[in-house]
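**Q** In the working numbering, the protein residues as written are 282 to 474. Pasting a structure below so you can have a look.
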């Protein structure tokens, strides 16, 4: 992603993930990339011959574009503009500068096998809630998720994924016929090798 005002992809999509335990239920899970949209949505639009919203990406010259091909040759935009870019910059600090890994602009692509491995870093920070809040943490978390989740239509982060996982476990996974065909072709090709 570029920094606002720039035209070069200087940072990766720099995902953040947080988890907080909650007594008697699944943890609160937040897992998000700091790009406005996933690259796969742009690829899907290109395959379908559709334009994309012009705020999703810039082309190789730093100009907003609704052309998926130009977007793929350019860079994804950060979520939340300058605020998202600032968060992504801090992820670069934690996961590249601090641990000695490659910066976003130095990393090779995850999408092909050209060059070295991307060489990006990760940062894991674990905090013991009891060390901060003592025995009051659990009841306070139950209060928090209860209050936030009490409003009609509100869904806590991670709940949809957990419900989907349970649905797939009990009902199986539906696959579109064209995707099923592609998987079978790939399996047959790999079997021949």
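Idealized CB from N, CA, C, for every residue including glycine.
Going by C-alpha to C-alpha distance, which of 387, 373, 333 sits closest to residue 321?
**A** When only C-alpha atoms are compared, the closest one is 333.
**Q** Using only CA atoms, which one of 367, 325, 376 lies nearest to residue 353?
**A** Ranking 367, 325, 376 by Cα distance to residue 353 puts 325 first.
**Q** Going by Cα to Cα distance, which pick from 467, 303, 289 is closest to residue 341?
**A** Residue 289 is the option with its Cα nearest to residue 341.
**Q** Please classify residue 456 as buried or exposed, where buried requires at least 16 neighbouring CB atoms within 10 angstroms.
**A** So residue 456 ends up on the exposed side.
**Q** Among all the DSSP beta bridges, which residues are the ones paired with residue 299?
**A** DSSP, once it has assigned bridges, lists 311 as partnering residue 299.
**Q** Grouping DSSP H, G and I as helix and E and B as strand, with all else coil, what is residue 339?
**A** The answer is strand: DSSP assigns residue 339 an E or B state.
**Q** Give every residue of the same chain whose Cβ lies closer than 7 Å to the Cβ of residue 360, excluding the five residues on either side of it in the sequence, and list them in chain order.
**A** Same-chain partners within the cutoff: 315, 316, 317.
**Q** Rounded to the nearest angstrom, what separates residue 343 and residue 473 at their Cα positions?
**A** When rounded, the distance between both Cα atoms is 44 Å.
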